[in-house]
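The sequence shown runs contiguously to residue 187 in our numbering. Beta carbons are placed, not taken as given, at the ideal position from N, Cα and C, and that holds for glycine. A quick write-up on the structure given underneath.
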Amino acid sequence: MLRTNLLAISACFTVISSLLPAFATPANVFTPYVNQIRENLPRGYEMRLPSELHLGEVADDDFFKDLIVRIFPTYTPAGGMTVGLFTCISGDHPCFVGSFSVDRENSPMALLEFQKHQATGEAIPLSPAINGYLLTGAKQNPAVMFSSLMWEQDGFIHTLSFLDGERENIILMGSSMVNSTPIRSNK
């Protein structure tokens, strides 16, 4: 009888856990920076990062291992933060790979950019409850080399920006971020 009850309880937990969204931790490239991100986030902020980085054909394990992570505050009245990925610190060739940003939903600059994405970008379902808006570089005026995906979640506007040719990878990373465990400010 006890064994049957334990099996029933185990089965219930399995069914319930399969219905809940899976929350992932940030990709390994961010692991050494989690505490620095937490310390630099403005009070009350949280940041989501993808559980895996997805980039074009040139991205192999060595590429990800050599990425340089830089953390920047967003200089707006509402605050915010950006995590940038680079292949070099300085040099003759561009070495910016992409970025992940977070701002409060009431940040005037972030809200204006989010409304632009909603008006001119492509609606992308990132989860059953959250749509993102992908604005390709070619659709911007003037055209730029980077596409960006923005969405609103838990009182924050999230943005990720990567080269225009990374459309599917941007969507994969955005979906991952929506379901990730946020890094919260320790202030």
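Q.
Taking the straight line between their C-alpha atoms, what separation do you get for D103 and L135?
A. Position 103 of the sequence shown, counting from 1, holds the residue named residue 103. Position 135 of the sequence shown, counting from 1, holds the residue named residue 135. So the alpha carbons of these two residues sit roughly 18 Å apart.
Q) From this set, E152, S176, M177, which residue's C-alpha is nearest E105's C-alpha? A) Counting from one through the sequence shown, the residue named residue 105 turns up at place 105. Out of E152, S176, M177, E152 has the C-alpha closest to the C-alpha of E105.
Q. Quick one: complete alpha helix (DSSP H) runs, 4+ long, within the stretch 85-122?
A. 108-120
**Q.** Runs of beta strand (DSSP E) lying entirely within the stretch 127-186, each at least 3 residues, in chain order
**A.** 131-135, 146-153, 156-163
Q. Is T31 helix, strand or coil when you go by DSSP?
A. Taking the sequence shown and counting its residues from 1, the one referred to as residue 31 is at position 31. Looking at T31 - three-state DSSP - the assignment turns out to be helix.
Q | Bridge-paired residues (DSSP) for I68 | A | Walking along the sequence shown from the start, residue 68 turns up at place 68. Answer is F86.
**Q.** Residues that E52 bridges to, as DSSP identifies them
**A.** For this step, residue 52 is matched to residue 52 along the sequence shown. Answer is none; E52 lacks a bridge partner.
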